[in-house]
Ligand SMILES: NC(=O)c1ccc[n+]([C@@H]2O[C@H](COP(=O)([O-])OP(=O)(O)OC[C@H]3O[C@@H](n4cnc5c(N)ncnc54)[C@H](O)[C@@H]3O)[C@@H](O)[C@H]2O)c1
Ligand SMILES: [Fe+2]
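Residue numbers (my numbering): 41 to 422.
Encoded structure:
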């Protein structure tokens with residue numbers, strides 16, 4: 041394919057989409073066999089897969105290290121799993137599992153470090169079927185794989201490997217998986233999806249009519265669900281799992297086109313250094329970032345966003361950002377960064393790390409993201 045000068049696509053939706061009632065229905069439709077590698081967690085395997093006694097190879101991520109994907113974890117997986125032993129990768133899990141599944145579907149052209157630092161080529165080799173079990177990252181549709189890596193200064197940070205060749209071939213949505221997701225990761229992943237919808241909606245030069253369509257629909261579904269939980273408590277989510285899973289996927293489609301921005305750029309060093317779960321790290325910054333946008337540039341696209349939030353939640357557009365923060369606080373109480381281990385010294389260090397490592401996100405900021413503004417946001421969320 042010829043290279044294009046500019047990416048003028050309205051939207052990119054690459055996988056084939058399916059919805060199933062349960063894993064058994066999926067396994068029958070895709071005829072899982074011994075050449076399939078299922079990457080998952082044991083805590084998902086036992087309730088949803090074990091009894092089916094399928095002949096596929098199961099690999100549990102936690103055997104290779106805990107927490108979010110790291111260079112070391114993926115390196116261990118690479119050395120333990122021979123690519124000759126499987127034809128398809130089936131990722132059943134949260135964003136972490138799916139991001140690792142993306143790497144396992146590639147030809148081994150170099151080390152994990154070389155892949156993330158772009159000195160090894162991304163060459164797809166296997167089919168990759170993604171089954172998300174959280175309602176957050178949208179990784180099932182995106183062209184990004186995120187891992188904790190060591191940067192040039194020897195510091196750990198999170199870095200995204202980006203290539204359209206990483207997009208899974210199929211996405212299978214099975215809302216039943218969300219039943220075992222505990223309330224906190226459920227809530228933080230849903231807030232992550234909401235942030236994807238909002239950041240992509242506000243993305244100054246990359247948002248398109250079609251990305252807005254998916255972003256606004258995701259906001260509607262998530263905020264309606266949050267309103268129900270706010271009124272009736274966490275149990276209310278069980279009536280609405282399909283909508284949350286679908287919304288996360290829509291938000292993924294929106295941000296794949298339009299990009300994430302300030303919130304994600306600033307949360308990455310936090311996640312990389314203090315291992316704060318992705319959704320929580322974003323949530324810790326989200327409200328303050330919107331407040332700053334509202335002070336610096338309250339009109340234009342932000343005004344449209346405030347109108348959209350007011351339409352969904354009720355209340356006035358002037359109060360929309362505060363009403364949103366209040367509702368989120370009911371869903372998941374907001375914590376200051378210092379509760380996650382963040383120190384005052386990190387304010388300046390992280391600001392430099394954001395500008396050095398996260399330019400792909402910094403460029404999508406609704407207002408120009410200066411070092412001064414980054415420092416201010418970290419200081420006020422500290
Ligand atoms: N590629 C992308 O486009 C993209 C976008 C955003 C974030 N990410 C990455 O995704 C990761 C975060 O993903 P996440 O928020 O989905 O969390 P996660 O994948 O880290 O999972 C969180 C925890 O929940 C458990 N879990 C997942 N589903 C479960 C279920 N149904 N029942 C019980 N337990 C379950 C997991 O085992 C894990 O302990 C981060 O590594 C982040 O960097 C990727
Ligand atoms: Fe995210």
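The beta-carbon is built from N, C-alpha and C at its ideal position, and this holds for glycine as well.
Residue 292 and residue 212 have their C-alpha atoms spaced approximately 14 Å apart. For residue 137 against residue 79, the beta-carbon gap comes to about 6 Å, under 8 Å, which counts as contact. Under the criterion of beta carbons closer than 8 Å, residue 52 and residue 296 qualify as touching, at roughly 6 Å. One thing to note: residue 139 has its Cβ no nearer than 7 Å to the Cβ of residue 99. Within its own chain, the residues whose Cβ lies closer than 6 Å to the Cβ of residue 352, once the five positions on either side in sequence are excluded, are 260, 263, listed in chain order. With a cut-off of 8 Å on Cβ pairs, the segment 120 to 134 is not in contact with the segment 155 to 162, counting fewer than three such pairs. The three-state reading of DSSP puts residue 197 in strand, counting E and B together. The segment 217 to 234 and the segment 164 to 183 touch, with three or more beta-carbon pairs separated by less than 8 Å. Approximately 5 Å separates the beta-carbon atoms of residue 223 and residue 274; this is inside 8 Å, confirming the contact.
The DSSP-derived three-state label of residue 93 is coil.
Residue 139 has its CB no nearer than 6 Å to any heavy atom of ligand 2. Residue pairing for residue 98: DSSP places it in a beta bridge opposite 78. Between residue 416 and residue 92, the alpha-carbon positions lie close to 53 Å from each other. The residue from 269, 245, 390, 58 with its alpha-carbon nearest to that of residue 419 is 390. Nearest neighbour of residue 395 by Cα position, chosen from 301, 202, 249, 252, turns out to be 301.
Burial check for residue 422: the Cβ neighbour count within 10 Å stays below 16, so the residue is exposed. Residue 214 sits in coil when the DSSP states are folded into three classes, being neither helix nor strand.
Spanning the alpha carbons of residue 144 and residue 112 requires a straight line of approximately 14 Å. Spanning the alpha carbons of residue 58 and residue 225 requires a straight line of approximately 24 Å.
Put simply, of 171, 167, 190 the residue whose alpha carbon is nearest the alpha carbon of residue 152 is 190. Looking at the DSSP output, residue 57 bridges to 211. Annotated as distal: residue 188 and residue 83, with beta-carbon spacing of 7 Å or more.
CA-CA distance, residue 307 to residue 411, rounds to 15 Å.
The beta-carbon separation of residue 170 and residue 208, rounded to 4 Å, stays under the 8 Å limit for a contact. Only exposed fits residue 278, as fewer than 16 other CB atoms lie within 10 angstroms of its CB. Secondary structure of residue 315 (DSSP, three-state): coil. Not one heavy atom of ligand 1 falls within 6 Å of the beta-carbon of residue 202.
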